[in-house]
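In my numbering, the protein residues as written are 476 to 740.
Notes for the one structure printed next.
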Amino acid sequence: MNFRSLQIEMSGPVAIVTLSRPERRNAIDETTVEEIGRFFECPPREARVAVLKGEGQHFCAGLDLEEHARLQRTPVQFMRMCQRWHWAFDQMQFGGLPIIGALQGAVVGGGLELAAACHTRVADTSTFFALPEGQRAIFTGGGATVRVGRIIGPGRMVDMMLAARTYNAERALQLGLCHEVVSSGLSVVRAMEIAEAAAKQAPLSNYAMVTAISRINDMSTTDGLFTESLMAGMVQSGPEVAAGLAEFLQKKSRRLESTQQNTPV
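Right under this line is the structure:
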């Protein structure tokens with residue numbers, strides 16, 4: 476696949492996806508949305524995990540307002556554009572490929588919506604989070620009311636927008652907008668460490684984690700528990716299960732033998 480707004484490289488089983496519009500602080504235009512959706516809809520077969528990052532000092536500054544002003548979209552056209560964002564970010568959240576977001580600088584507006592579609596988010600100390608749509612006389616359209624609202628709660632999201640709050644990395648960690656904070660410039664390094672470790676896990680188990688948990692959260696308790704049992708049964712049948720259990724039992728057996736040998740008679 477040839478991309479204009481993304482750079483793709485493989486590091487073993489890890490696909491490194493870079494938003495490549497640094498002159499626009501990696502703002503998302505129509506091309507970027509389509510390329511994100513296309514890549515995560517059909518990632519390379521050898522990819523077991525992906526790391527998503529931004530080129531330059533910022534992860535993503537959100538909607539490309541220059542393009543938005545130039546196109547002068549009608550309400551229907553803007554609604555359809557929002558639906559393309561929903562489609563693209565759904566490919567990320569529910570596509571089955573674990574995605575580790577490496578965040579720095581601006582994670583703002585649509586950039587926060589993009590980050591919220593990642594399964595694990597590592598921020599460095601330069602990262603700041605905001606939803607400034609109200610200040611720009613627009614409204615969120617890339618899924619924030621669902622993804623961000625569920626992370627921090629609808630009341631706090633309303634406050635975040637109404638009071639024009641900007642959260643630093645530490646506050647974002649407290650709220651769940653990111654899962655880890657590292658020193659400035661190290662988010663990609665840490666994201667790669669997580670990705671490489673996750674890539675060693677059974678693909679079917681990873682698939683269950685990133686596709687089932689969010690969906691189960693949308694269900695009633697009864698439906699969720701039933702779906703969990705179905706997913707557990709499917710994962711249990713995976714080819715890696717027997718090898719994993721055998722390795723665990725061998726380690727346990729060695730520990731038991733060592734304990735017995737060191738026990739005084």
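Ideal Cβ positions, reconstructed from N, Cα and C, are used throughout, including at glycine.
Can you give the Cα-Cα distance for residue i and residue j, rounded to whole angstroms?
i           : j           : result
residue 696 : residue 603 : 36 angstroms
residue 616 : residue 561 : 8 angstroms
residue 663 : residue 545 : 34 angstroms
residue 488 : residue 624 : 32 angstroms
residue 702 : residue 691 : 7 angstroms
residue 583 : residue 660 : 18 angstroms
residue 645 : residue 626 : 15 angstroms
residue 671 : residue 649 : 26 angstroms
residue 557 : residue 628 : 22 angstroms
residue 709 : residue 700 : 14 angstroms
Rounded to the nearest angstrom, how far is the Cβ of residue i from that of residue j, given a contact under 8 angstroms?
i           : j           : result
residue 595 : residue 669 : 6 angstroms
residue 520 : residue 581 : The pair is not a contact, with the Cβ atoms about 33 angstroms apart (cut-off 8 angstroms).
residue 575 : residue 526 : 5 angstroms
residue 678 : residue 639 : Actually they do not touch by this definition, with Cβ atoms about 43 angstroms apart.
residue 476 : residue 523 : Not confirmed; about 18 angstroms, so no contact.
residue 572 : residue 535 : Their Cβ separation, rounded to whole angstroms, is 19 angstroms, which puts residue 572 and residue 535 out of contact at 8 angstroms.
residue 614 : residue 566 : Rounded, the Cβ-Cβ distance is 23 angstroms, inconsistent with contact.
residue 484 : residue 542 : Their Cβ separation, rounded to whole angstroms, is 27 angstroms, which puts residue 484 and residue 542 out of contact at 8 angstroms.
residue 598 : residue 656 : 5 angstroms
Which residues does DSSP pair with residue i in a beta bridge?
i           : result
residue 595 : 575
residue 653 : Answer is none; residue 653 lacks a bridge partner.
residue 483 : 492
residue 642 : 604
residue 526 : 491, 575
residue 517 : Paired residue(s): none; residue 517 is not in a bridge.
residue 535 : 582
residue 503 : 538
Please determine, among the options, the residue with the shortest C-alpha to C-alpha distance to residue i.
i           : options            : result
residue 511 : 573, 476, 498, 563 : 563
residue 492 : 504, 505, 530, 498 : 530
residue 538 : 686, 588, 550, 626 : 588
residue 647 : 541, 605, 619      : 605
residue 705 : 693, 687, 502      : 687
residue 707 : 683, 656, 666, 551 : 683
residue 502 : 553, 610, 532, 570 : 532
residue 517 : 585, 569, 636      : 569
residue 586 : 718, 716, 653      : 653
residue 496 : 481, 725, 675      : 481
In three-state DSSP terms, what is residue i?
i           : result
residue 621 : coil
residue 613 : coil
residue 690 : helix
residue 714 : coil
residue 675 : coil
residue 661 : coil
residue 545 : helix
residue 695 : coil
residue 701 : helix
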